[in-house]
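There are 2 protein chains.
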Amino acid sequence: MTNSKKPEFIYLKQEDVIAAGGLDMKLALADVELAFKMHGQDEIIQPNKTVIEFPDQESGQRRYLTVSMPAYLGGQINRAGIKWAAESVDNVRRGDLPYGMDLIILHDLERAHPLAIMDGTLITAIRTGAAAGVAAKYLARPDSKTAAFIGAGVIGRTTLEAIALSLPGLTEFRIFDLNTEKSRSIAKEFSGRWPIKIVASVQEAVEGADVIATMTTTRQPFIEAAWLKKGCFVAAMGKNEFEEEALLEADLLVVDEWEQFKHYQPSLLTQMYQAGHLKDGDVLNLREVILNRASGRTTAAGRIHFLSFGLACEDLVVAERVYQTAQSMGLGQSLSLWDRPHWL
Amino acid sequence: MTNSKKPEFIYLKQEDVIAAGGLDMKLALADVELAFKMHGQDEIIQPNKTVIEFPDQESGQRRYLTVSMPAYLGGQINRAGIKWAAESVDNVRRGDLPYGMDLIILHDLERAHPLAIMDGTLITAIRTGAAAGVAAKYLARPDSKTAAFIGAGVIGRTTLEAIALSLPGLTEFRIFDLNTEKSRSIAKEFSGRWPIKIVASVQEAVEGADVIATMTTTRQPFIEAAWLKKGCFVAAMGKNEFEEEALLEADLLVVDEWEQFKHYQPSLLTQMYQAGHLKDGDVLNLREVILNRASGRTTAAGRIHFLSFGLACEDLVVAERVYQTAQSMGLGQSLSLWDRPHWL
Numbered sequence: 003m004t005n006s007k008k009p010e011f012i013y014l015k016q017e018d019v020i021a022a023g024g025l026d027m028k029l030a031l032a033d034v035e036l037a038f039k040m041h042g043q044d045e046i047i048q049p050n051k052t053v054i055e056f057p058d059q060e061s062g063q064r065r066y067l068t069v070s071m072p073a074y075l076g077g078q079i080n081r082a083g084i085k086w087a088a089e090s091v092d093n094v095r096r097g098d099l100p101y102g103m104d105l106i107i108l109h110d111l112e113r114a115h116p117l118a119i120m121d122g123t124l125i126t127a128i129r130t131g132a133a134a135g136v137a138a139k140y141l142a143r144p145d146s147k148t149a150a151f152i153g154a155g156v157i158g159r160t161t162l163e164a165i166a167l168s169l170p171g172l173t174e175f176r177i178f179d180l181n182t183e184k185s186r187s188i189a190k191e192f193s194g195r196w197p198i199k200i201v202a203s204v205q206e207a208v209e210g211a212d213v214i215a216t217m218t219t220t221r222q223p224f225i226e227a228a229w230l231k232k233g234c235f236v237a238a239m240g241k242n243e244f245e246e247e248a249l250l251e252a253d254l255l256v257v258d259e260w261e262q263f264k265h266y267q268p269s270l271l272t273q274m275y276q277a278g279h280l281k282d283g284d285v286l287n288l289r290e291v292i293l294n295r296a297s298g299r300t301t302a303a304g305r306i307h308f309l310s311f312g313l314a315c316e317d318l319v320v321a322e323r324v325y326q327t328a329q330s331m332g333l334g335q336s337l338s339l340w341d342r343p344h345w346l
Numbered sequence: 003m004t005n006s007k008k009p010e011f012i013y014l015k016q017e018d019v020i021a022a023g024g025l026d027m028k029l030a031l032a033d034v035e036l037a038f039k040m041h042g043q044d045e046i047i048q049p050n051k052t053v054i055e056f057p058d059q060e061s062g063q064r065r066y067l068t069v070s071m072p073a074y075l076g077g078q079i080n081r082a083g084i085k086w087a088a089e090s091v092d093n094v095r096r097g098d099l100p101y102g103m104d105l106i107i108l109h110d111l112e113r114a115h116p117l118a119i120m121d122g123t124l125i126t127a128i129r130t131g132a133a134a135g136v137a138a139k140y141l142a143r144p145d146s147k148t149a150a151f152i153g154a155g156v157i158g159r160t161t162l163e164a165i166a167l168s169l170p171g172l173t174e175f176r177i178f179d180l181n182t183e184k185s186r187s188i189a190k191e192f193s194g195r196w197p198i199k200i201v202a203s204v205q206e207a208v209e210g211a212d213v214i215a216t217m218t219t220t221r222q223p224f225i226e227a228a229w230l231k232k233g234c235f236v237a238a239m240g241k242n243e244f245e246e247e248a249l250l251e252a253d254l255l256v257v258d259e260w261e262q263f264k265h266y267q268p269s270l271l272t273q274m275y276q277a278g279h280l281k282d283g284d285v286l287n288l289r290e291v292i293l294n295r296a297s298g299r300t301t302a303a304g305r306i307h308f309l310s311f312g313l314a315c316e317d318l319v320v321a322e323r324v325y326q327t328a329q330s331m332g333l334g335q336s337l338s339l340w341d342r343p344h345w346l
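So the protein lines, in turn, are chains A and B. Note that our numbering gives residue 221 to position 219 of the first sequence, counting from 1, and the numbers run on in steps of one. Note that our numbering gives residue 202 to position 200 of the second sequence, counting from 1, and the numbers run on in steps of one.
1) Given a cut-off of 8 Å, decide if A207(A) and F235(A) are closer than it, judged by their beta-carbon atoms.
2) Rounded to whole angstroms, what is the Cα-Cα separation between N50(B) and K190(A)?
3) Which of the three DSSP states, helix, strand or coil, is assigned to E174(A)?
4) Would you call the segment 6 to 26 of chain B in contact with the segment 332 to 340 of chain A, where contact means no fewer than 3 C-beta pairs closer than 8 Å?
5) Taking the C-alpha atoms as reference points, what is the distance between T301(B) and A82(B)?
6) Run through chain B and tell me which residues come within less than 9 Å of G171(A), C-beta to C-beta.
7) Where DSSP assigns a beta bridge to G332(B), which residues make up the other side?
8) Locate the alpha helix (DSSP H) running through L288(A), then write down its first and last residues.
9) Would you give the residue range spanned by the alpha helix (DSSP H) that R159(B) belongs to?
10) Kindly indicate which residue of Q326(B), S336(B), Q329(B), E316(B) has the alpha-carbon position closest to the one of R129(B).
11) Indicate whether W345(B) and V156(A) have their beta-carbon atoms separated by less than 8 Å.
12) Anyone know if the C-beta pair for L313(A) and Q48(A) falls short of 8 Å?
13) In whole angstroms, give me the CA-to-CA distance for Y13(B) and H115(B).
14) Using the Cβ count rule (16 or more neighbours within 10 Å means buried), how would you classify H307(B)?
15) Taking the continuous beta strand (DSSP E) assigned at R65(B), which residues delimit it?
16) When you check each C-beta in the segment 187 to 209 of chain B against every C-beta of chain A, which residues fall closer than 7 Å?
17) Enumerated in chain order, which unbroken segments of the alpha helix (DSSP H) with a length of 4 residues or greater are wholly contained in the segment 6 to 41 of chain A?
18) Any chance the segment 139 to 147 of chain A sits against the segment 100 to 116 of chain A, with 3 or more Cβ pairs inside 8 Å?
19) Assuming the contact rule is C-beta atoms closer than 8 Å, Y325(B) and L108(B) should be a hit. Round their C-beta distance to whole Å, please.
20) Taking buried to mean at least 16 other C-beta atoms within 10 Å of its own C-beta, is T161(A) buried or exposed?
21) Compare the Cα-Cα distances from E209(B) to each of L105(B), I152(B), D98(B), R195(B) and report the closest residue.
22) In angstroms, rounded to a whole number, what distance separates the CA positions of Q329(A) and R96(A)?
23) Which runs of the beta strand (DSSP E) spanning at least 3 residues fall entirely within the segment 187 to 244 of chain A, listed in chain order?
24) Check the Cβ of T216(B) against every Cβ in chain A and list those closer than 9 Å, keeping chain order.
25) Is the separation between the beta-carbon of Q246(A) and that of M274(A) shorter than 8 Å?
26) Helix, strand or coil: how does DSSP classify S297(A) here?
27) So is F56(A) in contact with chain B if we call contact Cβ pairs under 8 Å?
28) What number of angstroms, rounded off, separates the C-alpha of D282(B) from the C-alpha of G77(A)?
29) Considering only the alpha carbon of each residue, which of H265(B), L230(B), Y266(B) lies closest to E251(B)?
30) Determine the chain A residues that contact M103(B) at a beta-carbon separation under 7 Å, and present them in chain order.
31) Please state the DSSP three-state secondary structure of G135(A).
32) Compute the Euclidean distance between the alpha carbons of R65(B) and A127(A), then round it to the nearest angstrom.
33) With a 10 Å radius around its C-beta and 16 neighbouring C-beta atoms as the bar for buried, classify S61(B) as buried or exposed.
34) Name the residues in the segment 74 to 101 of chain A whose C-beta lies less than 9 Å from a C-beta of chain B; which are they?
35) Taking Y13(B) as the query, report the chain A residues whose CB atoms sit under 8 Å from its CB, ordered along the chain.
Here it is in structure tokens:
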């Protein structure tokens, strides 16, 4: 920085994020696993998300949403940052913009100014899939052969890639979406890497599967507990695919961060907790398993469910790598808070 | 927007914010008063700030700080946004950057993408002063003649301008700062508008003043209650200038938002509340006075203290005006989240 008074930073649009490795799922898996480890080692400060919801006047369903997710990554990283997310059902209806769109800001702590502002939409999709992949690595049976993917949207795609990379022993990949075209698109994209079979029903996908990943926007449960194979691992990245019974009958419930779940009403897990059907000791944080402080899979027959809330530290650890790569490649647009500060 | 898939927004550096009217205190006073009114009319959604503090290992005093302040402005404005603030004592030591540096993001709710990202450092200083000015308008004696300003930093400067504009009957302006050079700089800047007298001590400034505004970084109280004139109005924009007794003996305590004060430990008011020395009914929100739902000044002899927490809605309402002006003037740098979205 030639002029110390000029707080420069870079802006990375989505194309820059991609050029800097934002789509690299192998790296994202390592990033997110690191975030979980750091979190367990108290190297992360991560307040609860702040959600502002704008329900539809008629349906009462949420229509718009903003979420602020600040966090601090300590350890060797030492970076403050925030993801600022917005969601709009209008975008889905129109079809020209993603449902959720995100910005990520990385901050220099000592100098208190931004280092990077970047599109966080792509990183959100990547890190969400990566969290499912990390959970699968620690919680699925190592001899898992068959995986079922329910929902073939953006998160469905990233979750499939992450789980396929995390469990290299998988040989059968089934996918189902109400919109077959979406399933076809994913099968085609990954055709050189994994044999993905489009199946005709949820039941056909789920029955006999060792790994089941769900990422739909349903408001009604549609997966029956009776379809689930003994010893299977379930990554529930959507919110409502399973009935309460399916969760209560599971041998182990694991989440990314129970403390945040407890405060977020729309989650089924939260509702179960508030109704007294679950207590604190019934749900395990994934980081405890990763750090070997708690047992994850102890029997071949146990059914384990992983539920994801989505954490700021996952976003920021990926964003930090993307930022470092972008810097070394000279990517992005240089901006500054000012040329000369009006006041000091 | 020619390409609906390309979510464009503008970046406004501080020079753009200034060119778009960011320094205009008259407009900022109207903005902040509007924000208080909207807040009182339930047109604002404003979760508590999320603060991450990094205390110094040796002193235990905070060294770095990040604050995320999301809010929604409803009514005719209908805008979501966030201020993301960071503070570093290192900047003060080095002297090349402000203590606090801020970004403000304004969001289109229906399309869920940013409309503007701008320097929020200047707006933070302006709106903080403006809040003191609005409070003075409603709580100071209308016949106030003499004003004392303790602290001649950036907030001292904006507070002086705001109070001087809000109380046009003021004829005597006293200023004190440990650093006389700073007082001189403010006196010189405003020399054509208001006669500002640099005084030699806090006591000399405060005694006999009808309006007292404090904005220092002191950790120790230094203003004695005995110095305060009957009927005076105090705007305490700093945190620790007054002893608890001075607050307890006041005839009325008014804040910008009691709900947020109650949760923020570093505030003396919060500590008094937690110690049971204050109860909920003892503190009034300024918006209640502005909307005529509660009495502010009822007697000429009453001493009224206003304490400021600083609210996201104050930042966003100023930022929204600056954004609209910048748009109409064609200011700022055009950016986009992407040229074409990788995923929809």
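The beta-carbon is built from N, C-alpha and C at its ideal position, and this holds for glycine as well. These numbers come from a predicted model, not from an experiment.
Looking at the atomic coordinates:
1) Against a cut-off of 8 Å, the Cβ pair of A207(A) and F235(A) comes out as no contact.
2) Rounded to whole angstroms, N50(B) to K190(A) spans 46 Å at the Cα level.
3) DSSP places E174(A) in strand when its eight states are reduced to three.
4) The segment 6 to 26 of chain B makes contact with the segment 332 to 340 of chain A: 3 or more CB pairs, one atom from each, lie closer than 8 Å.
5) Each residue's Cα considered, the two are about 40 Å apart.
6) G171(A) does not reach chain B, its nearest Cβ partner there being about 28 Å away, counting only Cβ pairs nearer than 9 Å.
7) G332(B) is not bridged to any residue.
8) Under the DSSP assignment, L288(A) falls in the alpha helix (DSSP H) whose first and last residues are 288 to 292.
9) It spans 156 to 168 - the alpha helix (DSSP H) in which R159(B) sits, taken as one unbroken run.
10) Measuring C-alpha to C-alpha distances from R129(B) to each of Q326(B), S336(B), Q329(B), E316(B) identifies E316(B) as the nearest.
11) Yes, the pair counts as a contact, with Cβ atoms nearer than the cut-off.
12) Yes; because the gap between Cβ atoms is below 8 Å, this pair is in contact.
13) Taking the straight line from one Cα to the other gives about 13 Å.
14) It is buried - the Cβ of H307(B) has at least 16 other Cβ atoms within 10 Å.
15) Looking at the DSSP string, the run of the beta strand (DSSP E) that includes R65(B) is 64 to 75.
16) Within the segment 187 to 209 of chain B, not one residue has a Cβ closer than 7 Å to any Cβ of chain A.
17) If we require 4 residues or more, the alpha helix (DSSP H) runs fully inside the segment 6 to 41 of chain A come out as 16 to 21.
18) Contact between the segment 139 to 147 of chain A and the segment 100 to 116 of chain A is absent, because fewer than three Cβ pairs lie under 8 Å.
19) So it is a contact: roughly 6 Å between Cβ atoms.
20) Residue environment analysis places T161(A) among the buried positions, since at least 16 neighbouring C-beta atoms fall within 10 angstroms of its C-beta.
21) When only C-alpha atoms are compared, the closest one is I152(B).
22) Taking C-alpha positions only, Q329(A) is separated from R96(A) by approximately 36 Å.
23) Positions of the beta strand (DSSP E) runs, each at least 3 residues long and wholly inside the segment 187 to 244 of chain A, are given as 198 to 200, 213 to 216, 235 to 238 in order along the chain.
24) Chain A residues near T216(B): none, gap ~19 Å exceeds 9 Å.
25) First, the residue type needs correcting, since residue 246(A) is Glu and not Gln in the sequence shown. Between E246(A) and M274(A), the C-beta gap is smaller than 8 Å, which places the two residues in contact.
26) S297(A) falls in the coil class under three-state DSSP.
27) Cβ-Cβ to chain B under 8 Å: yes for F56(A).
28) Here the alpha carbons of G77(A) and D282(B) stand approximately 41 Å from one another.
29) Checking every option, the nearest Cα to that of E251(B) belongs to L230(B).
30) Within 7 Å of the CB of M103(B), the CB atoms of chain A belong to P9, A114, H115, L339, in sequence order along the chain.
31) Reduced to three states, the DSSP call for G135(A) is helix.
32) Their backbone Cα atoms lie some 34 Å apart in a straight line.
33) Classified as exposed, S61(B) has fewer than 16 neighbouring CB atoms from the shown chains inside 10 Å of its CB.
34) Here the close residues are Y74, A82, G83, I84, W86, A87, A88, E89, S90, D92, N93, R96, G97, D98, L99, P100, Y101.
35) The contacting residues are Y13, L337.
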